[in-house]
Amino acid sequence: MSASVERVYALVRRIPAGKVMSYGQVAALCPPLTARRVGQLMARALGSDIPWWRVVGSDGTLRTHRRDPMLAELQKAYLQSEGVLFTKDGRVRMTPEQVVNPATFEVELP
DNA sequence: CCCCTGACCCTAG
DNA sequence: TCTAGGGCCAGGG
């Protein structure tokens, strides 16, 4: 397992409850990984101790819906239970209060 | 090796 | 706001 992949997991584990990060945001902090690859990794993280539900599309949409609409429902339930606010059309409000600020987000390398 | 498929994303129109 | 297209790249058939 590559160092950047380990870094993704370490990073996602540090996203606090009540906040989210986009796939691209995570990828930007874990070069040379791309947003697409981060998505693959999150899909594989189901059932682990990694809070995959705190990673969403850059526009706040729940991309898990592509794989399984029910999974998106589960994700929404988790996020709402953590206090994350949604827009009327079912997307996460991508406000600075809810989105992790990468600049202020220090991560120790695995 | 070719082809296709993703929990993506940004730009144009 | 929304769609289409191109870029992206690891895995699997």
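According to the numbering used here, the first sequence is numbered sequentially starting from 8. Quick reminder that beta carbons are idealized off the backbone N, C-alpha and C, glycines included.
So what does DSSP say about residue i, is it helix, strand or coil?
{"i": "residue 12", "result": "helix"}
{"i": "residue 28", "result": "strand"}
{"i": "residue 106", "result": "strand"}
{"i": "residue 48", "result": "helix"}
{"i": "residue 36", "result": "coil"}
{"i": "residue 111", "result": "helix"}
{"i": "residue 21", "result": "coil"}
Exposed or buried, residue i, counting other C-beta atoms within 10 Å across all chains shown (16 or more means buried)?
{"i": "residue 9", "result": "exposed"}
{"i": "residue 34", "result": "buried"}
{"i": "residue 77", "result": "exposed"}
{"i": "residue 64", "result": "buried"}
{"i": "residue 87", "result": "exposed"}
{"i": "residue 55", "result": "exposed"}
If you scan the stretch 51-109 from start to end, which runs of the beta strand (DSSP E) of 3 or more residues do you find wholly inside it? none
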